[in-house]
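Q: Under the numbering used here, the residues of the sequence shown are numbered 37 to 283, in order.
Attaching a single structure in C-alpha cells format; questions to follow.
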Amino acid sequence: MRRCELELAVQDLAGVRTAVEVGARRVELCAALGATGGVTPSAGLLSATLDAAPDVGVHPLVRPRAGGFVYSRGELDVIERDVATAVEVGADGVVVGALTPAGRVDARAVRRLVVAADGAEVTFHRAVELVEDVVAALDELAALGVTRVLTSGGAATARQGIDRLAAMVEHAAGRIEVMAGGGVLPGDVGSLVAVGVDAVHLSAKRSVADAGGPGGGADAGFEQTDPALARAAAAALAAAVPVRAGA
C-alpha cells in the first residue's frame with residue numbers, strides 16, 4: 037500500500053515545530069507567504085529550521101520576488117546560487133518554478149536548477165498552473181529530473197481540480213510525484229488521497245492581527261501556521277485509505 041505524505045508550507049519556527057509535532061513528511065519553507073505567495077526564506081531561518089526539524093524534509097522555496105515566473109538571466113543566476121547554497125547547508129530539496137514568455141516550462145532554466153540541486157529533490161511549484169497543458173508538462177518535468185509537481189490540477193483549489201489531479205496521477209505513472217495543493221482544507225484530504233496523489237500540501241494558516249509598521253497600514257497583520265488545522269489535516273491523512281501500488 038502506498039501512503040500519501042503531508043507537506044506543510046511554513047514561514048517561521050513556530051510553523052516548523054508544528055510540522056514536527058503533527059508528523060509532516062516535509063516542510064516547504066517560505067517567507068512572506070500571505071503577502072506574496074512566498075519568496076526565498078532567509079539563510080538564518082533555513083539554518084534554524086534544519087536544527088529544529090532533523091527528521092522532517094526541509095525544502096526551501098527559491099523565488100527571488102513576487103509576481104510571475106519568467107525570469108531574467110540575472111534572476112536565474114541568483115536562483116541557481118540560492119539552490120546550490122540551500123543544498124550545501126543541508127536542505128533535503130528545493131521548490132522552484134520557471135516559465136518562458138510563451139507560458140511553457142522553461143526547460144533550460146529547470147535543467148540548470150536540477151543540476152544545482154546536486155541530487156537533492158526538486159519540486160516544481162504551482163507555476164505549472166499557468167502552462168496550457170498541465171498534464172503534458174509532467175512529461176517534460178519528469179524528463180528534466182524533477183521529483184514532484186505541486187498543483188491544484190489547474191483549478192482555483194485542489195478540491196475543484198480533483199478530476200484533473202486524478203488524470204495527472206494516472207499519466208505520471210510513478211515517473212514523477214503529483215502533490216495536491218491550493219486551498220486544501222482538512223476535509224479535502226480524504227478525497228485527494230482517494231485519487232492517488234503522492235502528497236497533500238497545505239499552509240494550514242491563520243491570520244494574526246498586528247498594528248503594522250510605517251507604510252504597512254493599520255492592523256496589517258500577518259499569518260502563522262494554525263496547529264489545530266495542521267493536526268486536523270494529519271488526522272485526516274492518517275484516516276484516509278491509501279491507494280494500492282499500481283492501482
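Idealized CB from N, CA, C, for every residue including glycine.
Counting only the same chain and skipping the five closest in sequence on each side, list residues whose C-beta sits under 7 Å from that of residue 225.
A: Taken in chain order, the residues that qualify are 236, 269, 272, 273, 276.
Q: For residue 261 and residue 51, which I take to be in contact (beta-carbon distance under 8 Å), what is that distance rounded to the nearest angstrom?
A: 3 Å
Q: Can you give me the start and stop residues for the beta strand (DSSP E) that residue 96 sits inside?
A: 93–96
Q: Can you tell me the Cβ-Cβ gap for residue 66 and residue 89, rounded? I've got them flagged as a contact below 8 Å.
A: Actually they are not in contact, since the Cβ atoms of residue 66 and residue 89 sit about 15 Å apart, beyond 8 Å.
Q: What residue does the beta strand (DSSP E) around residue 46 start on, and which one ends it?
A: In this chain, the beta strand (DSSP E) harbouring residue 46 covers 41–46.
Q: With a Cβ-Cβ cutoff of 8 Å, do residue 141 and residue 130 count as a contact?
A: no
Q: To the nearest angstrom, how far is the alpha carbon of residue 241 from that of residue 53?
A: 14 Å
Q: Select from 71, 159, 114 the residue whose C-alpha is nearest the C-alpha of residue 103.
A: 71
Q: In the stretch 111–179, which residue ranges form an unbroken beta strand (DSSP E) of at least 3 residues, counting only runs that do not cross its ends?
A: 129–132, 157–160
Q: Throw me the rounded Cβ distance for the residue 212 and residue 191 pair, which I believe falls under 8 Å.
A: At roughly 20 Å, the Cβ-Cβ gap does not stay under 8 Å, so residue 212 and residue 191 are not in contact.
Q: Among 204, 125, 128, 64, which one has its Cα closest to the Cα of residue 164?
A: In terms of CA proximity to residue 164, 204 leads the group 204, 125, 128, 64.
Q: Label residue 41 either buried or exposed according to how many other C-beta atoms from any shown protein chain fall within 10 Å of its C-beta, with 16 as the threshold for buried.
A: buried
Q: By Cβ distance below 6 Å, which residues in the same chain neighbour residue 62 in space, the five residues on each side in sequence not counted?
A: 43, 93, 95
Q: Under a Cβ-count criterion, where at least 16 other Cβ atoms within 10 Å of its own Cβ denotes burial, should residue 64 be classed as buried or exposed?
A: That one is buried.
Q: Quick check: the Cα distance between residue 162 and residue 185, rounded to an integer number of angstroms?
A: Computed Cα separation, rounded: 8 Å.
Q: Report yes if the CB atom of residue 180 is closer than 8 Å to the CB atom of residue 150, and no otherwise.
A: yes
Q: Who are the Cβ neighbours of residue 193 in its own chain at under 7 Å, not counting the five residues just before and after it?
A: Only residues of its own chain outside the window of five on either side were considered, and among them 218, 219 have a CB closer than 7 Å to the CB of residue 193, listed in chain order.
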